[in-house]
Each structure stands twice: as C-alpha cells, then as structure tokens.
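Right, one structure below, let's go through it.
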Amino acid sequence: MLIVNVKENESIDKALKRFKKKFEKTGVLKELRSRTSFEKPSVTRRTQIIRAAYREQMRLAEAKG
C-alpha cells in the first residue's frame, strides 16, 4: 500500500504528482499490462534485445552530437 503524507500548505496537485511517481516506481501497472496476455519467452527476449539495441544506438548518437 502506498502512503503519501500531505504536508501542511501543500497543494493536492503536488501530493498527487508524488503519488503517481511512487506508483510508477513500483511497476504495478506495467506488471498488470504484461499479464493481460501470455507472451512466449522467446518473444520477450527478442523484445528486450531490440529495446537494448535501440537504447545503445540512441546513447551513441547522443555522444556523437
């Protein structure tokens, strides 16, 4: 269970933003979406490799320019 203490004179928007950040860090929504349909382990690995290659390519492009 996530707990976000609202400080005195703090707006609800800021507290909600902190809650959303905490919620995102837990990875609950990502896990829920991944469990909606079965994905073969080979497909999962392939997707991870493609994402890693893309990140590496972007990192190298950023270092150049």
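Residue numbers (UniProt numbering): 1 to 65.
Glycine included, C-beta positions come from ideal geometry on N, C-alpha and C.
Quantities reported herein were computed from a predicted structural model and do not represent experimental measurements.
How close, in whole Å, do the beta carbons of F19 and L2 come, if the pair is a contact with beta carbons under 8 Å? Contact between F19 and L2 is confirmed by a C-beta separation of about 6 Å, below the 8 Å threshold.
Can you tell me which of the three DSSP states S37 falls into? When secondary structure is reduced to three states using DSSP, S37 falls in the coil class, being assigned neither helix nor strand.
Distance check for K17 and V4, CA to CA, integer angstroms please. Answer to the nearest angstrom: the Cα atoms are 10 Å apart.
Tell me where the alpha helix (DSSP H) around E24 begins and ends. 12–26 is the extent of the alpha helix (DSSP H) around E24.
CA-to-CA distance, E39 to I50, given in whole angstroms: So the two alpha carbons sit approximately 16 Å from each other.
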